[in-house]
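For what it's worth, UniProt numbering labels the leading residue of the sequence shown as 1, then goes sequentially. In this text, a Cβ means the ideal position worked out from N, Cα and C, and glycines have one as well. Comments concern the structure below.
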Amino acid sequence: MSRTFGHTIRNCRRILSGFMVKNDGVVIWVILELFHGNPVSIITLPNSHNPSHAQKQNIAQEFNLSETVFLYTDGPNPHVDIFIPVNEMEFAGHPIIGTGHLLFQRCATNTVNLTVITKAGPVPLTYDRERKLVYATVPHNVHIHQREATVEQIGAVQRVISESLDLCDLNKTYPVISIVKGVTFALVDLTQWGDTFAKLGPGASPTLELDEDWISSLTGVMYYRLLDRYIEGGTMVWDLRVRMIAINLEDPACGSGGCSLSAYLALSRGRESRAHRFNISQGE
Numbered sequence: 001m002s003r004t005f006g007h008t009i010r011n012c013r014r015i016l017s018g019f020m021v022k023n024d025g026v027v028i029w030v031i032l033e034l035f036h037g038n039p040v041s042i043i044t045l046p047n048s049h050n051p052s053h054a055q056k057q058n059i060a061q062e063f064n065l066s067e068t069v070f071l072y073t074d075g076p077n078p079h080v081d082i083f084i085p086v087n088e089m090e091f092a093g094h095p096i097i098g099t100g101h102l103l104f105q106r107c108a109t110n111t112v113n114l115t116v117i118t119k120a121g122p123v124p125l126t127y128d129r130e131r132k133l134v135y136a137t138v139p140h141n142v143h144i145h146q147r148e149a150t151v152e153q154i155g156a157v158q159r160v161i162s163e164s165l166d167l168c169d170l171n172k173t174y175p176v177i178s179i180v181k182g183v184t185f186a187l188v189d190l191t192q193w194g195d196t197f198a199k200l201g202p203g204a205s206p207t208l209e210l211d212e213d214w215i216s217s218l219t220g221v222m223y224y225r226l227l228d229r230y231i232e233g234g235t236m237v238w239d240l241r242v243r244m245i246a247i248n249l250e251d252p253a254c255g256s257g258g259c260s261l262s263a264y265l266a267l268s269r270g271r272e273s274r275a276h277r278f279n280i281s282q283g284e
């Protein structure tokens, strides 16, 4: 994910030269490289120019990308509002990485640390200038919901699941986890069903039974396959292939979904190792 954004942002001026719009101090950066990566729009605003929530939602719908970031840089720490086409998100991973690349490009050459303020809390970022990688320390309030998602609930938004010939062999329920309030995923293990995993298509967000005080939330499905798991130097290493689908699209790089899946697997296998590393392959 970091490499994708590093490549995209380094080339955005060349690819979309002239596509930086200035109007009354508002700078709109559209970070797009056609058919590659996971594009995000970043709109830089002064604190004096603050569109309403409805206006921001309309802008996100107009861009119709996985996320649109509204970036404010006038204060001591930059802060962001993150929107998807249907609602605001307290946190999302890949737009934070993309915003980090943009901010570090604007900073002095010796700046390698900064903190971005999100609705979910402060997110410390570190920049490896030599490798052009941004690392984020993710805010989290991990909550595993009491009621798991049923195979019928998943099948209702994913036809390949409902039509699977070996439906009776699939798990009957799947864990549901929130990485923070407002960001929730059902975790569907398709390790033994590679053909089904390959045939997944865009689908709606599932209707899930969430715990009280957690009901207002984006819901998505993290479909995953465990490719390998081994111990390396006292650390349990997981190699995973994942696909995140919600709001009738597939997210090519879903940081919050990856964090949710990683947190659940680490918590569920905590007795086997105190340290875990997750190598997650997603999208292109």
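Item                                                                                                 : Value
Straight-line Cα distance separating V138 from P175                                                  : 21 Å
CB of F91 within 7 Å of CB of S256, strictly                                                         : yes
contact_flag[the region 275-284, the region 104-122] where n(CB pairs < 8 Å) is 3 or more            : no
Which of helix, strand or coil DSSP assigns to L200                                                  : coil
Cβ neighbours of Q146 in the same chain (closer than 8 Å, five flanking residues each side left out) : D211
Cα-Cα separation, V112 to H79                                                                        : 17 Å
Proximity below 7 Å, CB of V183 to CB of Y223                                                        : no
Presumed contact (8 Å Cβ cut-off) between G258 and V237, rounded CB distance                         : In fact, because the Cβ distance is near 15 Å, the residues do not count as touching under 8 Å.
Secondary structure, beta strand (DSSP E): runs of 3+ residues fully inside the region 209-254       : 218-232, 235-246 and 249-251
Under 7 Å between C-beta atoms of E67 and I84                                                        : yes
C-beta contact flag for N64 and T115 at 7 Å                                                          : no
Coil, strand or helix - V188 by DSSP                                                                 : strand
According to DSSP, residues forming a beta bridge with residue 323                                   : Because the chain spans 1 through 284 in this model, residue 323 falls outside it and cannot be assessed.
Where S41 falls, given that 16 or more other Cβ within 10 Å makes a residue buried                   : buried
DSSP three-state assignment for I84, whether helix, strand or coil                                   : coil
R229 and T191 closer than 7 Å at C-beta                                                              : no
CA-to-CA distance, I245 to A253, given in whole angstroms                                            : 11 Å
Cβ pair L170, V151 closer than 7 Å                                                                   : yes
Nearest-angstrom Cα separation, counted from S48 out to residue 301                                  : Outside the modelled stretch of the chain, which goes from 1 to 284, sits residue 301, for which no answer is possible.
DSSP beta-bridge partners of A149                                                                    : Y174
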